Every structure is written in C-alpha cells, then in structure tokens.
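Following: one structure in structure tokens, then a few remarks.
2 protein chains.
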Amino acid sequence: MTKPDSFTQAVRTWVDVSTQRSMRGWSHHAKATGLSMPQFSIMMQLYYRGACGLSEISERFEITNAAASQHVDNLVQAGLIERTEDPHDRRAKHIQLSAKGKSLIERGISERYRWVDQLAQSLSEKERVRTVEALSLLTEAARNLEQK
Amino acid sequence: MTKPDSFTQAVRTWVDVSTQRSMRGWSHHAKATGLSMPQFSIMMQLYYRGACGLSEISERFEITNAAASQHVDNLVQAGLIERTEDPHDRRAKHIQLSAKGKSLIERGISERYRWVDQLAQSLSEKERVRTVEALSLLTEAARNLEQK
DNA sequence: GTATAAAGTTAACCCTTCTTAACTAAAAAG
DNA sequence: CTTTTTAGTTAAGAAGGGTTAACTTTATAC
C-alpha cells in the first residue's frame, strides 16, 4: 500500500487481458476436440509436469481417487493417455500422454498462443526487446515468490 | 515466423505463470463463497462489462437462454444480482450486480491479485517503472488486436 | 508370516448444468 | 388490427462430475 499503484494497475490490466485471450483459445480447443474441462486439465498437467501416478492427479485437482480413476479411464479409452503398471511398485500406475494425446495438446497450445504472434508483429523490434526484458524480470520474480 | 522467438517465449512463459497464479486465487475465492464456476463467471462479467440483458449473458457464454435464466435466478435468490424490468422494452430485463454482489467480487479480485502486491515489493523502483512501460505497450497492442 | 497400510478400481447414487419444448408477454411488421 | 418476432421463464430429462463404500492387489511393519 506504499505506492505501487500504477504498477499494480498495469500488471492487473495486462493479466486480465491476456488471461481472457488465452482462455478463449483454450476453451475453443477443448470444445473442438470434444474434451471436457477436467479431462483437458489433466492432459495439460501431464504435458507440463510429466508422467505421474493416479494419486498425484487426485491430489493436484483435489478430487478423490475414484474420480481421478474414472477420468483417466475415459482418456485411456480415447487413446489420449497410457496407463501402465509401475515396475517398482505393482500397485501403482504410470500415467502419461500417448503420442496422439501429446500432439493434441501441442496443437492446443499453438492455437492458444496464436494471438501472441500477432502481438509480436504489431510491435517494433525495439519494443519487443524492452518487453522481453520486463517480462523476464517479472517471471523470475514470480517464480521466486512461488518458492517461498 | 520471422524471428519473434524470444519474444513469443517470454510472453508465453509469463502468461502461463500469471494465469496459474491468478486462477488459483480465483478458484479459492469461488469455493470459499460457495459459488459455482458459471455463477462466478457471470458475476465477473457483470462486474467488468456492466449491466446487460439476459440474452447477452447466454450469447457470451454460449449457452441457451434457458440455462442463463436459471443461473440468473439462483443469483437473484442469493441476493447477489438484481433483475429489473427494462423501462424501454418491457420484455427485456436489466441485470446487474447488487451491492452485496459487487463487494463480493471486489473482495475476490483483491484476493486474486494479492500476489501482484508481493511482486511489486520484490522489484526496485526502476524495475517497476520499466515494467509498467512494457506492460502498457502490450496491453494497448492487445486491445488494438481485439478490435479488428 | 500375519496384520496393516497403500494404490487403484468399480458400483451406486446425488447434484449441477445444460438442453429441448411448451409457454407468456411485449414489441415490430404487414 | 392481426401476424410474426423477440425476450424471457418454466418444466422435464439427459449427461457429466463428484462422492462414499466395498473390494482387489501389492507393499510395508512388526
């Protein structure tokens, strides 16, 4: 509350605008592929954080193992993820994206961020450089915050 | 595809990080208030884009009038929004946040963006100024894109 | 080696969201 | 002034996501 007002305002506004844009692309893609929101989220998570067991999924989404198991089962049946036995602990499952699932998510990401390319083109080289500096700073600071 | 690579990358990374952060706060608040996701979204939309008729809601969320009407009805019953007759067209309704609803959303926003204040404190004055410049640029550009 | 804990699955059920269909009431068109 | 269109509501039902509870199988503790 000292005087970060214009800073706070600028960040908020940009986050609002960009969240809205990227969410729009996201829900478009989810709808186009016929995936529901939880299904899509699980796949995104598998893409960014890599393979995991079933319990990790239920923990991250704060749902029961039963619910997670059902979602996973549907995605396996759709051929989008693979569920194999963990060789070190045969109770556990090793859940990961299939090739088909991975490429689907990658198409989704590039669609979700197509507007960023358009954004790039509407700025000058100099503006782009300055933007990159500022955003790197912010990202770095946000990640430091995260770890505390 | 010329060479916006580092730009694209920086924007994507920041959007990912910030979306994740602000969504976390959002779903927290939604859960705490007992609102469902569609209910919350409708209220957010009323907050940012102002009062509107029922059809506007169904269009923006791509649901039927029936579904929109039901959501609105629940929110009216909870005392969070007001539904009055449009004096110029008595078929239409004028839907807007109540005082209670408005303050609920405002509390939500400030919770959602608390991390931005922390972010501000972890940067120097100089860094903040440069960030504000860059983000204003980006926001402006994104809005221009929007209008085309 | 038996008892207990942990990882997943399955079944039955509830709640929410959404849809279609039938309806009322007001405005616009002819 | 009658017909048609537009705005919104209501009811019934389908679909999905979530839960608890009972169960199987494997690992861990003692």
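Protein sequences, first through last, are from chains A and B.
Quick note on the numbering used here: the first sequence kicks off at -13 and runs consecutively.
Quick note on the numbering used here: the second sequence kicks off at -13 and runs consecutively.
Where a beta carbon is used, it is the ideal one built from N, C-alpha and C, also for glycine.
All values derive from a computational prediction rather than experimental measurement.
Cβ of residue i within 9 Å of any chain A Cβ
i        : result
B:PHE26  : no
B:LEU123 : yes
B:SER41  : no
B:LEU83  : no
B:ALA120 : yes
Backbone CA spacing between residue i and residue j [nearest angstrom]
i          : j        : result
B:LYS134   : A:ARG100 : 15 Å
A:THR50    : B:GLY11  : 22 Å
A:VAL102   : B:ASP103 : 26 Å
B:SER27    : B:GLY20  : 13 Å
A:GLU132   : B:ASP2   : 13 Å
B:ALA18    : B:GLY94  : 10 Å
A:ALA143   : B:MET9   : This structure does not reach residue 143 of chain A, given that chain A is present from -13 up to 134, and the question cannot be answered.
A:THR(-12) : B:ALA106 : Below a pLDDT of 50, predicted positions are generally treated as unreliable, and A:THR(-12), at 48, falls in that range; the measurement from the model is reported next regardless. C-alpha separation (whole angstroms): 10 Å.
B:SER44    : A:ASP72  : 46 Å
A:ALA85    : A:ASP59  : 17 Å
A:VAL(-3)  : A:ARG114 : 17 Å
B:SER122   : A:GLU42  : 39 Å
B:ARG77    : B:ALA54  : 16 Å
A:GLU139   : B:ARG98  : Nothing can be reported for residue 139 of chain A: it is not among the residues displayed for chain A, which extend from -13 to 134.
B:SER96    : A:ASN130 : 21 Å
B:GLN(-5)  : A:GLN6   : 19 Å
A:MET29    : A:LEU83  : 7 Å
C-beta neighbour in chain B for residue i, strict 9 Å
i         : result
A:GLN104  : yes
A:SER29   : The sequence given here has Met at residue 29 of chain A, not Ser. A:MET29 does not count as touching chain B.
A:VAL149  : Outside the displayed span of chain A (-13 to 134) sits residue 149 of chain A, for which this structure offers no information.
A:THR(-6) : yes
Selection from the options that minimises the alpha carbon distance to residue i
i        : options                                   : result
B:ALA127 : A:GLU42, A:ARG76 and A:SER110             : A:SER110
B:LYS79  : B:ALA85, B:THR70, B:GLY87 and B:THR125    : B:THR70
A:ASP75  : A:GLN56, A:SER89 and A:CYS38              : A:CYS38
A:ILE81  : A:LEU61, A:PHE(-7) and A:SER89            : A:LEU61
B:LYS88  : B:TYR34, B:ALA120, B:SER4 and B:THR5      : B:TYR34
B:GLU68  : B:MET23, B:PHE(-7), B:THR(-1) and B:LEU40 : B:LEU40
Host alpha helix (DSSP H) of residue i (start-end)
i       : result
B:LYS17 : -9 to 19
A:GLY94 : 85 to 98
A:ALA54 : 51 to 63
Cross-strand partners of residue i (DSSP beta bridge)
i       : result
A:GLU71 : A:LYS79
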